[in-house]
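Okay, so here's the structure we're looking at.
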Amino acid sequence: MITIIIPVHNEQDNIVPLLKEIELSSKQCPISEVIYIDDASTDNTPSILEHQKENYPFLRVIRHSVRSGQSAAFMAGARAAGNAILVFMDGDGQNAPADITRLLFAYNAGTKKSKKVMVAGQRQKRHDNALRRVSSRLANNIRSWLLKDGTRDTGCSLKMIDREDYLRLPFFNHMHRFLPALLMRDHVQIVHVDVSHRPRQAGTSKYGFWNRFWVGILDLLGVKWLLMRGLPADYSASEDFESTDMESMTHHERRSNMA
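The following block contains the structure:
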């Protein structure tokens, strides 16, 4: 079974639409738990989440009294999760819950080859402004060159991972941006899957270029040091998962892989 973990900060208008989509996706995927991490929201996010528990029995809510960031939110959700497979996604509606089926198929295929797998979404046709796209591309190129993690889009939150593999990682702020490199250090295979990226329908982004640039540089150097101090990473354990492989799968195979 799958637990979806969703960090949010002031996303009051995106909660209900996303929950409706997740409920639809749960008919195709074994999703039994959705954990929202309310990261000290100051709008109506807390009350809306509490109210929606009545409509969605799979919904759980964890609230941070002090804003702690995405990495802390993902870790809190992972520790509280009741299932072995975790899915991380954003709460702004730009990740599509329907893509979880694609991740699950790649995860099941990957675990047949390797006991440890993380499936990382990589966004196609990004619906962000030009500055965010350019800065993200630059940051990804620098990170990929320095860490050699074979991942072109670590900024995509949509990922599927084994709970135990995730909880074994060293925790630090902003660690979610470096999951492929950190997991490869533990010989986890990284499988990349193309996923959709949708325009934000409500609310505003909580991140800009300058509030991530300098801290990102420091984090990158710190992760590089950590990798050099640890066990050698298996940098060959990274591959792209072709979407045509999934499209050719029969309906029977889809059902059996979801079991």
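Residue numbers (this note's numbering): 3 to 261.
Built from N, CA and C at the ideal position, the CB exists for glycine as well.
All figures in this text were calculated on a predicted structure; none of them were measured in a lab.
Asked	Found
Check whether V119 and V193 have beta carbons under 8 Å apart	yes
Identity of the residue in L26, V190, T47 nearest H66 by Cα	T47
Buried versus exposed, by CB contacts within 10 Å (16 or more), M91	buried
Sub-8 Å separation of Q54 and L21 beta-carbons	yes
Beta-carbon contacts of M3 that lie in its chain and below 6 Å, excluding the five residues immediately before and after	P32, S34, N85
Proximity below 8 Å, CB of S73 to CB of M177	yes
Where K22 falls: helix, strand or coil (DSSP)	helix
Given Q126 as reference, the closest of A108, N97, T113 once Cα atoms are compared	N97
Cβ neighbours of R81 in the same chain (closer than 8 Å, five flanking residues each side left out)	L169
Reduced DSSP category for K114 - H, G, I as helix; E, B as strand; rest coil	helix
Beta-carbon proximity list for Q14, same chain, < 7 Å, skipping 5 on both sides	D45, N46, T47, I50
Contact under 8 Å by Cβ, P39 with I8	First, the residue type needs correcting, since residue 39 is Ile and not Pro in the sequence shown. Result yes, Cβ atoms of I39 and I8 sit closer than 8 Å.
Bridge-paired residues (DSSP) for I8	Y38
Collapsed DSSP secondary structure at Q72 in the structure displayed	helix
L61, DSSP secondary structure in three states	strand
N- and C-terminal bounds of the beta strand (DSSP E) containing M162	161–164
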